Amino acid sequence: MMIYLYSFLFAGIVCLIGQLILDNTKLLPGHITSLFVAIGAALDTFAIYDFFVDTFGAGAVVCITSFGHLLIHGALAKASSDGLLGLFTGMFSLTATGITATIIFAFIFTLIFKPRD
Amino acid sequence: MEKKEYQKLTEKYSPKENKLKNAIIAFLIGGLVGIIGQALVDLYMNVGQISQSEATSLMMVTLIFLSCLFTALGFFDNWVSKAGAGLFIPISGFAHATTSSALEYKREGLVMGIGSNIFKLSGSVILYGVIAAYVFGIIRFVFFGG
Chain A
1 MMIYLYSFLF
11 AGIVCLIGQL
21 ILDNTKLLPG
31 HITSLFVAIG
41 AALDTFAIYD
51 FFVDTFGAGA
61 VVCITSFGHL
71 LIHGALAKAS
81 SDGLLGLFTG
91 MFSLTATGIT
101 ATIIFAFIFT
111 LIFKPRD
Chain B
118 MEKKEYQKLT
128 EKYSPKENKL
138 KNAIIAFLIG
148 GLVGIIGQAL
158 VDLYMNVGQI
168 SQSEATSLMM
178 VTLIFLSCLF
188 TALGFFDNWV
198 SKAGAGLFIP
208 ISGFAHATTS
218 SALEYKREGL
228 VMGIGSNIFK
238 LSGSVILYGV
248 IAAYVFGIIR
258 FVFFGG
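Chains as they are written, first to last, in the working numbering: chain A, 1 to 117; chain B, 118 to 263.
What follows is the structure in structure tokens.
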């Protein structure tokens with residue numbers, strides 16, 4: 001059951017940091033999410049984010065930082081077997097789920113529902 | 118009115134006290150999303166008898182599905198503006214940004230409207246994610262051998 005507490009704390013603290021940046025700087029949500037993705041990729045370079053996912057469970061997976069982590073993780077996994085070309089072939093190998101699901105559901109629901117003015 | 122006095126007055130009425138409230142809401146809602154994610158992973162693993170990585174993928178698809186649906190139904194914009202970073206930092210924010218851009222440009226057509234603008238808000242996440250992953254990937258590969 002501790003994993004629920006860890007998930008709550010990790011996701012909560014990441015969101016708290018995001019909110020503090022939003023309220024105390026001129027950065028917009030777009031800037032912050034882009035920054036967090038880059039931070040996630042940076043953290044995974046030294047396998048720190050893997051530790052987060054193992055320790056904090058889904059709390060570390062749902063944050064957008066995980067997107068950067070999955071991008072570089074897939075790229076490096078391919079690079080270790082295929083060389084530098086693997087950075088290209090493996091980049092989207094792990095994030096495919098999120099991107100594909102977003103495109104498909106966003107498109108379907110956009111066709112079905114009317115925008116609210 | 119003296120300049121100093123005016124400054125004091127504007128400071129008093131600027132939304133400073135809301136920052137604490139915003140931060141607490143973002144922490145609680147963000148944490149709640151984390152708990153929901155973990156609960157879904159456990160549910161899928163126990164009910165579906167699937168591996169943790171499959172359950173995690175399914176959890177992501179579920180959260181994205183719900184975020185896209187709630188955005189299209191119209192009430193998620195309100196939630197995101199209230200919860201702030203609590204909802205735009207988790208994956209729900211990516212799905213929300215994508216769906217709301219698509220909806221906004223729907224009337225301009227399938228290709229020039231939805232097609233050209235669906236990633237208008239969320240595209241930068243993909244762009245800078247890939248750029249950062251590529252740069253750090255090269256660094257890791259060259260200096261640490263992959």
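Glycine included, every Cβ here is placed at the ideal spot set by N, Cα and C.
Just so we're clear, the structure is a prediction, and the values are computed from it rather than from any experiment.
Take residue i as the anchor and find which of the options has the nearest alpha-carbon.
| i | options | result |
| --- | --- | --- |
| residue 79/A | 121/B, 226/B, 260/B, 254/B | 254/B |
| residue 70/A | 112/A, 92/A, 105/A | 92/A |
| residue 212/B | 97/A, 102/A, 48/A, 94/A | 102/A |
| residue 249/B | 100/A, 109/A, 39/A | 39/A |
| residue 252/B | 99/A, 111/A, 73/A | 73/A |
| residue 110/A | 233/B, 218/B, 136/B | 218/B |
| residue 188/B | 260/B, 135/B, 220/B, 168/B | 220/B |
| residue 202/B | 26/A, 32/A, 8/A, 2/A | 32/A |
| residue 35/A | 45/A, 82/A, 46/A, 18/A | 18/A |
| residue 67/A | 96/A, 4/A, 6/A, 16/A | 96/A |
| residue 181/B | 191/B, 168/B, 215/B, 167/B | 215/B |
| residue 222/B | 4/A, 26/A, 5/A, 115/A | 115/A |
| residue 120/A | 161/B, 170/B, 245/B, 137/B | Any answer about residue 120/A is impossible in this case: the structure gives chain A only from 1 up to 117. |
Quick one: grab the DSSP three-state call for residue i.
| i | result |
| --- | --- |
| residue 115/A | coil |
| residue 18/A | helix |
| residue 198/B | helix |
| residue 133/A | For chain A, the structure presents residues 1 to 117; residue 133/A sits outside this window and is missing. |
| residue 7/A | helix |
| residue 94/A | coil |
| residue 107/A | helix |
| residue 236/B | coil |
| residue 166/B | coil |
| residue 2/A | helix |
| residue 125/B | helix |
| residue 120/B | helix |
| residue 102/A | helix |
| residue 136/B | helix |
Take the Cβ of residue i as the centre, count every other Cβ of all protein chains shown within 10 Å, and call the residue buried at 16 or more, exposed below.
| i | result |
| --- | --- |
| residue 139/B | buried |
| residue 200/B | buried |
| residue 112/A | exposed |
| residue 204/B | buried |
| residue 98/A | buried |
| residue 54/A | exposed |
| residue 47/A | exposed |
| residue 123/B | exposed |
| residue 165/B | exposed |
| residue 224/B | exposed |
| residue 174/B | buried |
| residue 177/B | buried |
| residue 59/A | buried |
| residue 51/A | exposed |
| residue 45/A | buried |
| residue 242/B | buried |
Tell me the residue span of the alpha helix (DSSP H) that contains residue i.
| i | result |
| --- | --- |
| residue 188/B | 169–190 |
| residue 221/B | 208–221 |
| residue 79/A | 65–82 |
| residue 246/B | 240–261 |
| residue 37/A | 29–45 |
| residue 230/B | Run containing residue 230/B: none; DSSP gives neither H nor E here. |
| residue 88/A | 86–89 |
| residue 57/A | First-last for residue 57/A: undefined, no H or E at that position. |
Evaluate the contact criterion for the region 60–69 of chain A versus the region 36–52 of chain A: three or more CB pairs, one atom per stretch, below 8 Å. yes
*Can we say the region 208–226 of chain B touches the region 187–199 of chain B, given the rule of at least three CB pairs closer than 8 Å?*
yes
- Query: Any contact of the region 21–32 of chain A with the region 156–169 of chain B, i.e. 3+ C-beta pairs under 8 Å?
  - Reply: no
Check: Would you call the region 143–153 of chain B and the region 3–16 of chain A touching, i.e. three or more CB-CB distances under 8 Å?
Finding: yes
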